[in-house]
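Notes for the one structure printed next.
Numbering (my numbering), first residue to last: 21 to 616.
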């Protein structure tokens with residue numbers, strides 16, 4: 021968690037300008053991981069971004085205005101997870117219309133992309149992941165900036181230029197480096213060291229910046245201000261577009277790199293025409309019911325809304341009424357594996373809405389839930405379901421697994437009851453490692469979310485590369501209504517583990533009776549149709565013996581899964597905003613009028 025100098029509302033544009041900060045003004049608490057109160061709420065992974073969004077809410081902006089300002093700030097303080105070089109999915113609840121809308125700002129591949137895009141012509145084999153990632157090949161057309169513009173125009177009350185201003189000020193004046201930021205640079209030092217434009221910002225003097233020093237990014241500040249003056253056309257068709265394409269086609273490799281890199285740094289195929297033709301999509305959200313809850317999520321090319329809904333439906337269909345806590349965790353893990361098997365086989369950018377509706381239906385859940393043995397775990401990986409079959413098909417071994425990467429998430433609600441749940445990313449922590457020279461932002465490596473080669477045997481693989489295609493995502497921004505009224509909004513980073521993180525937080529809150537802060541802090545496990553459950557050490561210690569007795573196996577422990585944010589809507593128009601207390605250094609939640 022970044023250190024936030026305590027500031028009054030009038031001084032938020034000077035966030036992070038010095039290592040030492042003045043004492044807090046009376047009544048101005050530093051954002052912590054949980055906040056309750058009224059008048060609007062926000063939770064992000066970073067206190068600077070939370071404070072910027074809170075300032076917008078305090079000064080009459082709505083949830084969309086605050087989300088854009090906070091997201092732009094995260095592009096400064098969380099540059100290795102998100103920024104205008106990437107894309108994401110924006111879910112919006114309109115309180116007046118009582119409706120949920122979405123924006124698909126996912127990156128697109130170049131027009132020249134084929135199924136063999138990630139196959140090395142020299143040997144006919146897929147590139148190693150690091151070789152594909154740190155290259156121009158991995159870069160898709162960014163959709164983040166277009167998303168902000170569209171959201172501001174459709175639902176906001178302030179201009180995009182106004183939303184960019186606080187973030188430009190943070191980039192210009194700087195923010196203190198914390199341990200998480202330094203560690204992310206350290207983990208990427210070899211890749212960052214290959215490019216002059218990247219190491220100039222993030223490897224000053226050839227080494228990661230020290231904790232407590234002030235990091236400034238004047239190039240990004242200038243980029244934000246240029247976009248504020250001239251509009252997004254300068255990014256998609258103008259000078260920034262030219263610089264972005266030049267970076268992709270001719271990577272700015274240093275004459276004398278810092279450190280060794282084992283792979284050639286390959287140029288990409290993205291063109292100015294690819295940027296100019298980029299278009300957002302506005303798909304209907306996925307929708308499913310769980311008891312008295314209505315769950316809205318993101319449609320394709322994200323698999324998040326589909327997988328979360330399918331898993332919830334399987335749990336609801338199969339879980340006995342007398343279930344213990346161990347029963348519920350058993351069903352959580354089994355339902356996750358089944359949903360991932362179906363996701364991998366059936367979900368991609370071009371999946372028909374007929375198939376989407378089938379996968380999130382109660383009838384389909386019944387066909388999958390009947391495979392679960394309450395007393396014994398299925399052998400993993402499980403096969404995908406046959407969409408044309410009837411009855412309960414036997415569960416035999418089969419199906420691929422998928423690993424996860426990084427991203428960021430924010431949750432905002434305003435005093436009028438509007439809600440934004442927004443997940444956005446540049447994919448791998450550090451993206452493709454290339455900062456666009458003179459522009460200050462990292463490029464994404466989202467195209468590595470495509471499968472490099474077919475994964476489904478003789479069946480069609482829905483996530484192979486294609487011209488102008490969007491890669492499949494696991495981002496799962498979710499808004500939940502209870503008896504028709506807002507109950508919970510939540511999302512998380514974490515690549516493929518996003519789906520299980522969102523699902524587990526929901527079950528912790530709804531099935532296991534935890535408060536929202538408890539549900540967020542509880543230890544996590546992720547079953548993505550792999551032989552072993554991936555889990556945090558505390559989960560294995562607490563629940564492992566009982567689950568192992570049912571046949572579950574565990575892989576090596578992981579330090580953390582996800583970095584969620586959430587807001588629960590309480591009685592009389594109140595809010596409980598929640599972020600991580602420790603994961604990814606901890607997050608920050610705030611409300612406009614805190615409880616005394």
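Backbone N, C-alpha and C fix where the C-beta goes; we use that ideal spot for every residue, glycine too. Source: prediction; values computed, not measured.
Whole-angstrom Cβ separation of residue i and residue j, contact assumed at under 8 Å?
| i | j | result |
| --- | --- | --- |
| residue 353 | residue 553 | 6 Å |
| residue 516 | residue 586 | Not confirmed; about 20 Å, so no contact. |
| residue 65 | residue 583 | 5 Å |
| residue 441 | residue 499 | 5 Å |
| residue 97 | residue 68 | 5 Å |
| residue 649 | residue 57 | This structure cannot speak to residue 649, because the chain is shown only from 21 to 616. |
| residue 83 | residue 433 | 6 Å |
| residue 177 | residue 253 | Their Cβ separation, rounded to whole angstroms, is 23 Å, which puts residue 177 and residue 253 out of contact at 8 Å. |
| residue 236 | residue 194 | 4 Å |
Count the other CB atoms, across all protein chains shown, that sit within 10 Å of the CB of residue i; report buried if there are 16 or more and exposed otherwise.
| i | result |
| --- | --- |
| residue 423 | Bear in mind that the predicted position of residue 423 carries a pLDDT of just 49, short of 50, making it unreliable; the figure below should be weighed with that in mind. Classification for residue 423: exposed. |
| residue 470 | buried |
| residue 45 | Annotation note: pLDDT 32 at residue 45 (below 50); position unreliable, coordinate value reported separately. Looking at its Cβ environment, which holds fewer than 16 other Cβ atoms inside 10 Å, residue 45 is exposed. |
| residue 431 | buried |
| residue 436 | exposed |
| residue 417 | The predicted position of residue 417 is uncertain, since its pLDDT is 49 and thus under 50; a value taken from the coordinates is nonetheless stated next. Exposed, by the Cβ-count rule. |
| residue 268 | buried |
| residue 400 | buried |
| residue 560 | buried |
| residue 370 | exposed |
| residue 302 | exposed |
| residue 372 | exposed |
| residue 479 | exposed |
| residue 163 | buried |
| residue 271 | buried |
| residue 337 | buried |
| residue 273 | exposed |
| residue 239 | buried |
| residue 186 | buried |
Might you give, ordered along the chain, the residues of its own chain that have their beta carbon closer than 6 Å to the beta carbon of residue i, omitting 5 neighbours on each side?
| i | result |
| --- | --- |
| residue 355 | 331, 334 and 335 |
| residue 21 | Reliability of the predicted coordinates at residue 21 is poor, the pLDDT of 39 falling under 50, and no value is obtained from them. |
| residue 74 | 62 and 610 |
| residue 463 | 105, 159, 451, 452 and 454 |
| residue 566 | 346 |
| residue 575 | 552 and 554 |
| residue 241 | 188, 191 and 192 |
| residue 226 | 278 |
| residue 147 | 138 and 140 |
Note down the Cα distance separating residue i from residue j, rounded to an integer number of angstroms.
| i | j | result |
| --- | --- | --- |
| residue 171 | residue 444 | 14 Å |
| residue 591 | residue 481 | 47 Å |
| residue 263 | residue 457 | 7 Å |
| residue 328 | residue 277 | 43 Å |
| residue 537 | residue 526 | 12 Å |
| residue 408 | residue 530 | 33 Å |
| residue 224 | residue 60 | 39 Å |
| residue 43 | residue 51 | Model confidence at residue 43 stands at a pLDDT of 29, short of 50, so the residue's coordinates are unreliable; what they give is reported in the following sentence. If you take the alpha carbons of residue 43 and residue 51, they lie about 14 Å apart. |
| residue 246 | residue 311 | 49 Å |
| residue 208 | residue 564 | 33 Å |
| residue 1 | residue 449 | Outside the displayed range of the chain (21 to 616) lies residue 1, so it cannot be described from this structure. |
| residue 427 | residue 201 | 14 Å |
| residue 114 | residue 120 | 6 Å |
| residue 351 | residue 392 | 8 Å |
| residue 596 | residue 144 | 53 Å |
| residue 446 | residue 137 | 20 Å |
| residue 9 | residue 85 | Nothing about residue 9 can be read from this structure; the chain reaches only from 21 to 616. |
Could you check whether residue j and residue i sit closer than 8 Å to each other, using their CB atoms as the reference points?
| i | j | result |
| --- | --- | --- |
| residue 296 | residue 256 | yes |
| residue 492 | residue 321 | yes |
| residue 152 | residue 468 | yes |
| residue 111 | residue 305 | yes |
| residue 234 | residue 460 | no |
| residue 125 | residue 167 | yes |
| residue 476 | residue 357 | no |
| residue 156 | residue 213 | no |
| residue 290 | residue 161 | yes |
| residue 55 | residue 614 | yes |
| residue 556 | residue 581 | yes |
| residue 496 | residue 324 | yes |
| residue 180 | residue 88 | yes |
| residue 71 | residue 154 | no |
With a CB to CB cut of under 7 Å and the five nearest residues on each side skipped, what residues in its chain are close to residue i?
| i | result |
| --- | --- |
| residue 379 | 326, 330, 362 and 366 |
| residue 117 | none |
| residue 275 | none |
| residue 231 | 197, 198, 199 and 202 |
Here's a check: name, in chain order, each residue in its chain whose Cβ is nearer than 8 Å to the Cβ of residue i, leaving out the five neighbours to either side.
| i | result |
| --- | --- |
| residue 128 | 160, 161, 163, 294, 298, 488, 489 and 490 |
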